[in-house]
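Enquirer:
There are 2 protein chains.
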Amino acid sequence: MNWGVLDRYAKSLIKEAGQHIKHSFSTEIVVSSKSSANDLVTNIDREIEQFFIKRIHRDFPNHRIMGEEGFGDDIQSLDGVIWFLDPIDGTMNFVHQKRNFAISLGIYIDGIGMLGYVYDVMADDLYSAMKDEGAYLNDIRLPKLMDTTIEEAIVGVNASWVAPNRYVDHDPIIDLVNKCRGTRSYGSAALELIHVATGRVDVYMSMRLSPWDVAGGMIIANEVGAISSTMSGQQPGMLQSETFMVANASVHTQLLEEFIVLKK
Amino acid sequence: MNWGVLDRYAKSLIKEAGQHIKHSFSTEIVVSSKSSANDLVTNIDREIEQFFIKRIHRDFPNHRIMGEEGFGDDIQSLDGVIWFLDPIDGTMNFVHQKRNFAISLGIYIDGIGMLGYVYDVMADDLYSAMKDEGAYLNDIRLPKLMDTTIEEAIVGVNASWVAPNRYVDHDPIIDLVNKCRGTRSYGSAALELIHVATGRVDVYMSMRLSPWDVAGGMIIANEVGAISSTMSGQQPGMLQSETFMVANASVHTQLLEEFIVLKK
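Spelled out as structure tokens, the structure:
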């Protein structure tokens, strides 16, 4: 596999998809819900996923695709090349804000992340990384993250996880919220991963993310020295929804040791 | 008072101040803290406030200024023309993110908001309004807000208020978080007010905001039909820190009736 060539191909697909999304604002966007009333999907999410799949299947017939909207392949193992795609990460922002959403794409071989992309469509900011080759915002290389402590960290955590929930004990999360410098919540996992990779936020955590939410951003975060894991400290398995956290190495350790108490 | 002339003058000051802030990223920014370790201030906040005050005192000697950094006048009443200025609203974002902060300015006469501005410096987006003349994003008029319900609302609330706190009973806030469509937190009161005025978020609430945080954004929000108040439903008094909430009229009523229980 020539990863440089694949990188150029993927970037071109992403930019073309971004154009489609921008144009969609002048057409009718049909919003419906999936698993719950607040799990939104639109005709545009579906069209963009189908656009990617058609192209990838045509040009790389041996590659498989796991997409949020379910038009991809039935992935049961991580063998070979897999594209993990979220055509619009942050669909609620797409619908309500017409900004603050992203195309998220990660290309993996045998479970190893090789190429990662998060495209903030409305800002026209493409974050990308190739394994061991560094991470970029457009043409600008992103610096390595510096160590921090929870006390000086901005923590990306949704208010839901501060309330009683079925995933983690919320009392240590309340401690975290009170102890850290501040909290933020942006409504797009892919962009929140990028906020960590760029140092805008020091931690991002969520109780339930899918492989396509994190596949691209994790490769980018990894290149600047951030650690991604489940909340039990494992490498994400990439075959199902899991808990997720990403932070610089020092804060990642502190979080796991002091603030995360998973429910059984 | 010729408000049209004052509007042009204020916009010009704001844009000039924005240039100073942008240039500051290539100079040394000195960060210190004020009331608490997380209440940040920089030399740039102070320089920008002094820039405004010097100009306003020179050109409008009868006007008074209430500024976040305390270089303005000692304001004990709302008589006459008062400029409420936050030179950098979202200082933590300014320091950590180099984006997502704003210049916030409201010009009031005898307590009535006449001209409001929130300038998202890095996006170069100037939100502005003149009383009874509508609100604008740059040259584009903002549409009136439509009524919604809590169930379909995105709620801007910081995770701190979902945890036990001394201002409101947090149990109804947990209900709110669970009942609404989603929550967001951006770390700049002025921009969060704007997110409500533009319909990107449907509610913004905070337990403690100062007049300079909300003075500009309230005038803008008012022009699109949003209701701003304290959490006891009163008009903000504009002379001290208070609770604050802003939403479209239907959600504002629902919030006060069902979700806000103030502590004594």
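So the protein sequences, as listed, match chains A and B.
Each residue of the first sequence is one higher than the one before, counting from 284 in our numbering.
Each residue of the second sequence is one higher than the one before, counting from 284 in our numbering.
Every residue, glycine too, gets a C-beta built ideally from N, C-alpha and C.
All values derive from a computational prediction rather than experimental measurement.
Short of 6 Å in beta carbon distance, which residues of its chain neighbour D454 of chain A, apart from the five on each side in sequence? Order them along the chain.
Expert: Indexing the first sequence from 1 puts residue 454 of chain A at position 171. Within the same chain, D454 of chain A has no close Cβ partners at all.
Enquirer: Whose Cβ in chain A lies nearer than 9 Å to the Cβ of N531 of chain B?
Expert: Indexing the second sequence from 1 puts residue 531 of chain B at position 248. Near N531 of chain B there are no residues of chain A at all, since even the closest Cβ is about 13 Å away, more than 9 Å.
Enquirer: Taking only beta carbons into account, state which residues of the stretch 453 to 466 of chain B come closer than 7 Å to chain A, listed in chain order.
Expert: Residues of the stretch 453 to 466 of chain B that bring their beta carbon within less than 7 Å of a beta carbon in chain A comprise I457, V460, N461, R464, G465 and T466, in sequence order.
Enquirer: Could you tell me which whole alpha helix (DSSP H) segments of length 4 or greater appear in the stretch 325 to 368 of chain B?
Expert: 326 to 342
Enquirer: Closest to A385 of chain A by C-alpha separation, out of A:A442, A:S515, A:D372 and A:I456, would be which residue?
Expert: One-based indexing of the first sequence puts residue 385 of chain A at position 102. That would be A:D372, whose Cα lies nearest to the Cα of A385 of chain A.
Enquirer: Alpha carbons only, please: which of A:M490, A:R449 and A:N383 is nearest the one belonging to S468 of chain B?
Expert: Locating residue 468 of chain B in the second sequence gives position 185, where the first residue counts as 1. Measuring from the Cα of S468 of chain B, the nearest candidate turns out to be A:N383.
Enquirer: Counting only Cβ-Cβ distances shorter than 8 Å, please list the residues of the stretch 406 to 432 of chain B near chain A, keeping chain order.
Expert: none
Enquirer: Using alpha carbons as the reference points, say which of B:D362, B:A446, B:G465 and B:E299 lies closest to D407 of chain B.
Expert: Taking the second sequence and counting its residues from 1, one reaches residue 407 of chain B at position 124. Checked all of B:D362, B:A446, B:G465 and B:E299; the closest Cα to D407 of chain B is B:E299.
Enquirer: Does the count of Cβ pairs from the stretch 430 to 437 of chain B and the stretch 331 to 340 of chain B closer than 8 Å reach three?
Expert: no
Enquirer: Just by C-beta distance, which residues in the stretch 365 to 399 of chain A are closer than 9 Å to chain B?
Expert: M375, N376, H379, Q380, K381, R382 and N383
Enquirer: Counting along the chain, where does the alpha helix (DSSP H) carrying N376 of chain A start and finish?
Expert: Counted from its first residue, the first sequence places residue 376 of chain A at position 93. Where N376 of chain A is concerned, the enclosing alpha helix (DSSP H) stretches over T374 to H379.
Enquirer: Chain A beta carbons: is any one of them nearer than 7 Å to that of R483 of chain B?
Expert: Taking the first residue of the second sequence as position 1, residue 483 of chain B is located at position 200. For R483 of chain B, the answer is yes, since a Cβ of chain A falls inside 7 Å of its Cβ.
Enquirer: Determine the extent of the beta strand (DSSP E) in which D408 of chain B is found, giving its start and end residues.
Expert: Position 125 of the second sequence holds residue 408 of chain B. Element bounds for D408 of chain B: D408 to M413.
Enquirer: Relative to chain A, which residues along the stretch 309 to 326 of chain B have a C-beta separation below 9 Å, given in chain order?
Expert: A320, N321 and L323
Enquirer: Does DSSP put G301 of chain A in a helix, a strand or coil?
Expert: Here residue 301 of chain A corresponds to residue number 18 of the first sequence, with the count starting at 1. DSSP places G301 of chain A in helix when its eight states are reduced to three.
Enquirer: With a threshold of 6 Å on Cβ separation, who are the neighbours of Y419 of chain A within its own chain once the five nearest residues in sequence on each side are excluded?
Expert: As a first step, residue 419 of chain A is located in the first sequence; it is residue number 136 there, counting from the start. So the list reads S411, once near-sequence residues are dropped.
Enquirer: For L398 of chain B and A293 of chain B, I'd like the C-alpha separation in whole angstroms.
Expert: What you label residue 398 of chain B is simply residue 115 of the second sequence in a count that begins at 1. What you label residue 293 of chain B is simply residue 10 of the second sequence in a count that begins at 1. Computed Cα separation, rounded: 9 Å.
Enquirer: Quick one: which chain A residues come within Cβ less than 9 Å of I543 of chain B?
Expert: To locate residue 543 of chain B, count along the second sequence from 1; it is residue 260. Per Cβ cutoff of 9 Å: no residues; I543 of chain B is ~16 Å from chain A at best.
Enquirer: Does I331 of chain A get closer than 7 Å to chain B when you measure Cβ to Cβ?
Expert: Position 48 of the first sequence, counting from 1, holds the residue named residue 331 of chain A. Chain B, which has no Cβ nearer than 7 Å to the Cβ of I331 of chain A, makes this no.
Enquirer: In chain order, what residues of the same chain lie with their CB nearer than 7 Å to the CB of K462 of chain B, ignoring the 5 residues before and after it?
Expert: As a first step, residue 462 of chain B must be located in the second sequence, where it is residue number 179. The residues are I433 and E434.
Enquirer: With a CB to CB cut of under 8 Å and the five nearest residues on each side skipped, what residues in its chain are close to I456 of chain B?
Expert: Translated into positions along the second sequence, residue 456 of chain B becomes position 173. So the qualifying residues of the chain are V440, W444, V445 and F542.
Enquirer: Tell me the start and end of each unbroken alpha helix (DSSP H) in the stretch 465 to 503 of chain B that is at least 4 residues and wholly inside, in chain order.
Expert: Considered as a whole, the stretch 465 to 503 of chain B harbours 472 to 480 as its complete alpha helix (DSSP H) runs of no fewer than 4 residues, in chain order.
Enquirer: Would you decide whether P426 of chain A is buried or exposed? Buried here means 16 or more other CB atoms lie within 10 Å of its CB.
Expert: Here residue 426 of chain A refers to the residue found at position 143 when the first sequence is read from its first residue. With fewer than 16 Cβ atoms within 10 Å of its Cβ, P426 of chain A is classed as exposed.
Enquirer: Given a cut-off of 7 Å, decide if V401 of chain B and G500 of chain B are closer than it, judged by their beta-carbon atoms.
Expert: Against the second sequence, residue 500 of chain B aligns to sequence position 217. Against the second sequence, residue 401 of chain B aligns to sequence position 118. In this structure, V401 of chain B lies closer than 7 Å to G500 of chain B by Cβ.
Enquirer: Report the option in A:D393, A:D369 and A:N376 whose CA atom is closest to the CA atom of D496 of chain A.
Expert: Here residue 496 of chain A corresponds to residue number 213 of the first sequence, with the count starting at 1. Checking every option, the nearest Cα to that of D496 of chain A belongs to A:D369.
Enquirer: Quick check on A300 of chain A - is its C-beta less than 7 Å from some C-beta in chain B?
Expert: Taking the first sequence and counting its residues from 1, one reaches residue 300 of chain A at position 17. Chain B contact via Cβ: absent.
Enquirer: Counting only beta-carbon atoms, is S360 of chain A nearer than 7 Å to chain B?
Expert: What you label residue 360 of chain A is simply residue 77 of the first sequence in a count that begins at 1. Output row for S360 of chain A: interface = no.
Enquirer: Could you tell me which of B:V313, B:D403, B:R424 and B:H535 sits nearest to V267 of chain B, measuring between CA atoms?
Expert: Since the first residue of chain B shown is 284 and the last is 547, residue 267 of chain B is not available in this structure.
Enquirer: List, in order along the chain, the chain B residues whose C-beta lies closer than 9 Å to that of I477 of chain A?
Expert: Counted from its first residue, the first sequence places residue 477 of chain A at position 194. Correct list: empty, because the minimum Cβ distance to chain B is about 12 Å.
Enquirer: Note down, in chain order, every chain A residue with its Cβ under 8 Å from the Cβ of V401 of chain B.
Expert: Start at 1 with the first residue of the second sequence, and residue 401 of chain B comes out as number 118. Chain A residues near V401 of chain B: none, gap ~16 Å exceeds 8 Å.
Enquirer: Taking only beta-carbon positions, decide if V288 of chain B is within less than 7 Å of chain A.
Expert: Sequence index remark: in the second sequence, residue 288 of chain B carries index 5 (1-based). Not an interface residue.
Enquirer: Would you call the stretch 477 to 491 of chain B and the stretch 521 to 532 of chain B touching, i.e. three or more CB-CB distances under 8 Å?
Expert: yes
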